[in-house]
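Peer 1: Protein chains in written order, with the UniProt record's numbering: chain L, 1 to 352; chain S, 1 to 171; chain R, 1 to 387.
Built from N, CA and C at the ideal position, the CB exists for glycine as well.
Note that this is a predicted model, so its numbers are computed, not measured.
What follows is a structure written as structure tokens; I'll ask about it next.
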Amino acid sequence: MRDIAIVAFHQSRAVADAGACNEVEMIMPVLNEVYQQVGINNAQDVDFVCSGSCDYLQGAAFAFVAGVDALGAVPPIKESHVEMDAAWALYESILKLRMGHADSALVYGFGKSSPGELPVVLSQQLDPYYLAPQWIDTVSLAAMQARLMLDQGMLTERDMAEVVSRSRRNAMRNPAAQLAGDVSVEQVLAEETYLSPLRKADCCPVSDGAAAMIICTVDKAREWGVPYALITGIDHRIETHNLGMRDLTDSVSTRQAAEGAGVGAGAIDVAELYAPFSHQEIILSRALGLEGSTSVNPSGGVLAGNLMMASGLSRIGEVFKRVVSGEAERGVAHATSGPCLQHNLVTVVEKA
Amino acid sequence: MSEQQEPVTGIEVPIYLKYNFTAGAGPARFLSQVKKGVLTGQRCPRCDQVYIPPRGSCAACGVATEEEVVLSDKATVQSFTIVSIPIPNNPIQPPYIIANLVADGANISFIHLMSECVNEDVRIGQRVQAVWKPEEEWDYAMDNIRYFKPIDEADVPVGQIGKLPVSGWKG
Amino acid sequence: MANLAAVVGIGQTKYTTKREDVSIAGLVREAAQNALQDAGLHWDEIDAVILGKAPDMFEGVIMPETYLTDALGCNGKPMLRVHTAGSVGGSTAIVAASHVQSGTFKRVLTVSFEKQSESNAMWALSSPQPFSTHLNAGAGGYFAPIIREYMRRSEAPYNVGIKVAVKDRLHGARNPLAHLQRPDITMKEVEDSFMLWDPIRFLESCPSSDGACAMVIACEELAEQGPKPPAWIRGVAMRSEPTMYAGRDEVNPQAGRDCAADVYRQAGITDPRRDLDCAEVYVPFSWYEPMWLENLGFAPEGEGWKLTLEGATSLDEDGDIPWNPSGGVLSSNPIGASGMIRFAEAARQVRGDAGDHQVKGARLALGHAYGGGAQFFAMWVVGANKE
Chain L
1 MRDIAIVAFH QSRAVADAGA CNEVEMIMPV LNEVYQQVGI NNAQDVDFVC
51 SGSCDYLQGA AFAFVAGVDA LGAVPPIKES HVEMDAAWAL YESILKLRMG
101 HADSALVYGF GKSSPGELPV VLSQQLDPYY LAPQWIDTVS LAAMQARLML
151 DQGMLTERDM AEVVSRSRRN AMRNPAAQLA GDVSVEQVLA EETYLSPLRK
201 ADCCPVSDGA AAMIICTVDK AREWGVPYAL ITGIDHRIET HNLGMRDLTD
251 SVSTRQAAEG AGVGAGAIDV AELYAPFSHQ EIILSRALGL EGSTSVNPSG
301 GVLAGNLMMA SGLSRIGEVF KRVVSGEAER GVAHATSGPC LQHNLVTVVE
351 KA
Chain S
1 MSEQQEPVTG IEVPIYLKYN FTAGAGPARF LSQVKKGVLT GQRCPRCDQV
51 YIPPRGSCAA CGVATEEEVV LSDKATVQSF TIVSIPIPNN PIQPPYIIAN
101 LVADGANISF IHLMSECVNE DVRIGQRVQA VWKPEEEWDY AMDNIRYFKP
151 IDEADVPVGQ IGKLPVSGWK G
Chain R
1 MANLAAVVGI GQTKYTTKRE DVSIAGLVRE AAQNALQDAG LHWDEIDAVI
51 LGKAPDMFEG VIMPETYLTD ALGCNGKPML RVHTAGSVGG STAIVAASHV
101 QSGTFKRVLT VSFEKQSESN AMWALSSPQP FSTHLNAGAG GYFAPIIREY
151 MRRSEAPYNV GIKVAVKDRL HGARNPLAHL QRPDITMKEV EDSFMLWDPI
201 RFLESCPSSD GACAMVIACE ELAEQGPKPP AWIRGVAMRS EPTMYAGRDE
251 VNPQAGRDCA ADVYRQAGIT DPRRDLDCAE VYVPFSWYEP MWLENLGFAP
301 EGEGWKLTLE GATSLDEDGD IPWNPSGGVL SSNPIGASGM IRFAEAARQV
351 RGDAGDHQVK GARLALGHAY GGGAQFFAMW VVGANKE
């Protein structure tokens, strides 16, 4: 199979409320940034475009169609869309490159979550007959998961606070972060609980923004003459929707995806994990078999800013940046979807 | 549990979600003018086409539309339909005419109602003008225009629709 | 460079207004199980599932793949959810095919569905947004002015749409799965039916259906081992353009023309009317048959309606290029599945497995879907032969 290179990535600064900007106005500057990184003009200069978004974030059917207005799709382009995080749009694009129907692709994701109440909106992702009518929000489900782990002695509140503290400190070097600061474990622990056992700091913020990436064949990357990193493995797996049938203290589908992506084939210098709640970073680190030598969420992760529908793609972009800069030789990125880490995608990015 | 039960064929689960909708920066500039009774379009810096209502970008070029262009409230019928069913959430009673209209000075049509006309006489190329609500009812909305009505001007040839200057049609 | 792939199993549900006996999960599982049975396979022989449907707002379930994974036997496997508006059924089949054509998977299941009885599509498409005039009286209100412009340009007789409405319902009467079963329909009945969105009459519009469609797509080696003849995927193409831009030709969209040219090139088709044996084309309003006949190159611009009136697209009139032998979208419309049904019905034809609506000797067929404001297109060509 053909090697896939990442040649460009950018994400907008995560903000609690993008204010007057609508979706297309949020997307265009991010696309311009990745065009500039490889020296192209617009989506006409790549062979395929794929995006990820969710109509329900803005409460209108076909909201994603507005994304096409940002592309300059005249003359018409080869384009597709997943109602998932843009990490899965990347997956679809990689298949297109592998089958030889494209040598390059633009992938983007966007979400303006501020108009609605995101945790409540996402309650309607649950089984429509049994669970959704109960309006169980995503934070409550995650709190239940954390409680299971605490009660079984699989982690402590201090472990969770350490994840938060490290995220806030790492995010100080991330200009796109929404939450950053020199926050100590003690300061986190001193916060009152929000949805027991979670503190507000254990939960990712709700953010508005977009992210974009350009991938291509190695030949194309050389033609463009830009630095690139290689995607050497990518896999994703889903598990049962029935929370009662899952071991919520583990992430079986992450283990399966990691095996499929070949995570274990070498040392991992850096890992960017889509863990919207602090305890989930611990679950994911264990499922991926990460060791102390791996730098976990050097960007601050999504606790520092969560671009719904783009955060998964951003994790891959953050690893790409570190591999291309020479900071890391081999990294793992993770994306998730569904309640309590139901669906997980794992990507291995390596130095070219 | 052995007794015969009626099959459950459905349950009602209403969903209520509240959103604070934002129009967008470009559309907001347009809406501020509509509130004053002025129709404005926005010009694409790359292809020069004028969009109304602006949605934030020139969809053809994928770039932001910046320059404001004041348009006429006279327009030309690009096409239309006579609708015989009600619109959800809209009090208007059928039959009514929904038309794709291009305002003088703009290059793209928008959808609006036509009224004060004989439905059977409505035609592509016909000239119309906005009938505004009373000024005290004006808000940040295209509904400030109640509908468009035919005016006594010659029809515009199809090839010219979408290409008229803001000064109108001298046919 | 793409690996060969073929449709080896097809499953559909009976299309109907209300499937009160099944949940959404039950509906998709029924189609998937039918596809597996058709392919002679079990759930554990599937490597990945690719799911498609129209907007989540139709049923009010956000990202329903998370809920449907159990019903689709996908736990522990990859699941992808495609959404490209009305073209989604077709796009989903193409994305599913790419899983195999890329050499990444050997055998995948793809499913698309809509349970319109548990939704209100008209409401979902017309949800009021502040600031803008909400005059969206369903899809018909959007497409009627475009049809009117086609009638003006082509000077087609007024009864072309009526003829298509009758033809597709007569086709549908041959297909036991079709929602509308109207073997007795007449031109007069269509003409006298209620004018909804002038020039679109009630009987010139698609129904609102519950239903799901599924296919199993396999690599070359496995496809040859199946119990039934495979439908080889000879070309796939997608194109998109913006909903609105100055100078856009809404009647004959560039995206549709480019998409067709792309898929024909892959399949070695130079004259679609001559080279193809039949086509399943997304025609939700009758006038879209002559419009797409031109857009897809079966007739010169302005002359698509002549094929329709001549009976060239009719099975009952022994036409040379039957369109929508299954009855098409005009006979069944579970929105999110409608595109995939076109793709699957094209495959049934070249497998020689289309029952009473079989086009005799069909070897090469086109499946087509479109969506949004006629701006998203997905097409494939399937054949009885590998090349």
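Secondary structure at ASP198/R, three-state DSSP: helix, strand or coil?
Peer 2: If DSSP states are grouped into helix, strand and coil, ASP198/R belongs with the strands.
Peer 1: Among GLN101/R, LEU366/R, ASN3/R, which residue has its Cα nearest to the Cα of ARG274/R?
Peer 2: Checked all of GLN101/R, LEU366/R, ASN3/R; the closest Cα to ARG274/R is LEU366/R.
Peer 1: Using the beta-carbon of each residue, which ones in chain R are nearer than 7 angstroms to ALA96/L?
Peer 2: Contrary to the premise, residue 96/L reads as Lys rather than Ala in this sequence. Chain R residues near LYS96/L: SER98.
Peer 1: What did DSSP end up calling SER91/R once you bin it into helix, strand or coil?
Peer 2: Helix, per DSSP.
Peer 1: Is the beta carbon of SER112/R sitting closer than 9 angstroms to the one on MET291/R?
Peer 2: Taking 9 angstroms as the Cβ cut-off, SER112/R and MET291/R do not qualify as a contacting pair.
Peer 1: Take the Cβ of GLY209/L as the centre, count every other Cβ of all protein chains shown within 10 Å, and call the residue buried at 16 or more, exposed below.
Peer 2: Counting Cβ neighbours within 10 Å, GLY209/L comes out buried, since at least 16 surround it.
Peer 1: I'd like to know whether the C-beta of GLU23/L is nearer than 9 angstroms to at least one C-beta of chain S.
Peer 2: So yes, GLU23/L belongs to the interface.
Peer 1: Tell me, please, which residues DSSP counts as bridged to ARG127/S.
Peer 2: ARG127/S is bridged to THR76/S.
Peer 1: To the nearest angstrom, report how far apart GLY89/R and GLY336/R are at their CA atoms.
Peer 2: About 6 angstroms.
Peer 1: Where do the ends of the alpha helix (DSSP H) carrying GLN58/L lie?
Peer 2: That run of the alpha helix (DSSP H) goes 55-58.
Peer 1: In the DSSP assignment, find the unbroken alpha helix (DSSP H) run with MET340/R in it and report its ends.
Peer 2: That run of the alpha helix (DSSP H) goes 335-350.
Peer 1: For VAL216/R, which residues in the same chain have their Cβ closer than 6 angstroms to its Cβ, ignoring the five residues on either side in sequence?
Peer 2: VAL8, GLY9, ALA35, ALA39, LEU109.
Peer 1: Mind checking if ARG107/R is an interface residue toward chain S, Cβ cutoff 9 angstroms exclusive?
Peer 2: Not an interface residue.
Peer 1: If we count the other Cβ atoms within 10 Å of its Cβ and call it buried at 16 or more, is SER167/S buried or exposed?
Peer 2: Flag for SER167/S reads exposed.
Peer 1: Quick check on CYS204/L - is its C-beta less than 9 angstroms from some C-beta in chain R?
Peer 2: Chain R, which has no Cβ nearer than 9 angstroms to the Cβ of CYS204/L, makes this no.
Peer 1: Counting only beta-carbon atoms, is GLY105/S nearer than 9 angstroms to chain R?
Peer 2: Closer than 9 angstroms: no.
Peer 1: On a Cα-Cα basis, can you pick out the residue from SER286/R, ALA6/R, TRP43/R that is closest to TYR158/R?
Peer 2: Comparing Cα-Cα distances from TYR158/R to each of SER286/R, ALA6/R, TRP43/R, the minimum goes to SER286/R.
Peer 1: Could you name the residues of chain R that GLN59/S contacts, counting a contact when the two beta carbons are closer than 8 angstroms?
Peer 2: Residue identity differs from the one stated: residue 59/S is Ala in this sequence, not Gln. The contacting residues are PRO242, THR243, MET244, TYR245.
Peer 1: For ASN175/R, name the three-state secondary structure that DSSP assigns.
Peer 2: In this structure, ASN175/R counts as coil in the three-state DSSP scheme.
Peer 1: As a quick exercise: from MET79/R, THR17/R, TYR288/R, pick the residue whose alpha carbon is nearest that of SER154/R.
Peer 2: Checked all of MET79/R, THR17/R, TYR288/R; the closest Cα to SER154/R is TYR288/R.
Peer 1: For TYR370/R, which beta-bridge partners are listed by DSSP?
Peer 2: PHE377/R.
Peer 1: Please state the DSSP three-state secondary structure of LEU307/R.
Peer 2: Of the three classes helix, strand and coil, the one that applies to LEU307/R here is helix, per DSSP.
Peer 1: Given this structure, state the Cα-to-Cα distance separating HIS357/R from HIS179/R, to the nearest angstrom.
Peer 2: The alpha-carbon atoms of HIS357/R and HIS179/R are separated by roughly 15 angstroms.
Peer 1: Please go through the same chain and pick out, in chain order, the residues whose beta-carbon is closer than 7 angstroms to the beta-carbon of PRO78/R, but skip the five residues on each side of it.
Peer 2: The answer, listed in chain order, is ALA48.
Peer 1: Comparing the C-beta of MET79/R with each C-beta of chain S, is any distance below 9 angstroms?
Peer 2: Not an interface residue.
Peer 1: In whole angstroms, what separates the C-alpha of GLY161/R from that of GLU204/R?
Peer 2: Approximately 7 angstroms, taken between the alpha carbons.
Peer 1: Among ALA190/L, ALA304/L, GLU92/L, LEU150/L, which residue has its Cα nearest to the Cα of residue 356/L?
Peer 2: Lying outside 1 to 352, the shown extent of chain L, residue 356/L is not represented and no answer is given.
Peer 1: From the DSSP output, in three-state form, read off ALA54/R for me.
Peer 2: Note: ALA54/R maps to coil in three-state DSSP.
Peer 1: Helix, strand or coil for TRP323/R per DSSP?
Peer 2: Strand, per DSSP.
Peer 1: Kindly list the residues whose CB is nearer than 8 angstroms to the CB of ALA89/L, restricted to its own chain and excluding five residues on each side of it in sequence; keep chain order.
Peer 2: Taken in chain order, the residues that qualify are CYS50, SER51, GLY52, SER80, HIS81, VAL82, VAL107, TYR108, GLY109, LEU313.
Peer 1: Can at least three beta-carbon pairs, one atom from the stretch 68-75 of chain R and one from the stretch 93-104 of chain R, be found at a separation below 8 angstroms?
Peer 2: Taking 8 angstroms as the limit for Cβ pairs, the verdict is that the stretch 93-104 of chain R does not touch the stretch 68-75 of chain R.
Peer 1: Mind checking SER293/L: buried by the 16 CB within 10 Å criterion, or exposed?
Peer 2: With fewer than 16 other Cβ atoms within 10 Å, it is exposed.
Peer 1: Pairing CB atoms from the stretch 133-142 of chain S with CB atoms from the stretch 234-250 of chain R, are three or more of them under 8 angstroms?
Peer 2: Contact between the stretch 133-142 of chain S and the stretch 234-250 of chain R is absent, because fewer than three Cβ pairs lie under 8 angstroms.
Peer 1: With a cut-off of 9 angstroms, does the C-beta of LEU31/L fall near any C-beta of chain S?
Peer 2: So yes, LEU31/L belongs to the interface.
Peer 1: Tell me which same chain residues have a C-beta within less than 6 angstroms of the C-beta of residue 353/L, skipping the five on either side of it?
Peer 2: With chain L running from 1 to 352 in the structure shown, residue 353/L is simply not present.
Peer 1: Please check if any C-beta of chain L sits within less than 9 angstroms of the C-beta of GLY56/S.
Peer 2: Yes, GLY56/S lies at the interface with chain L (some Cβ there is under 9 angstroms from its Cβ).
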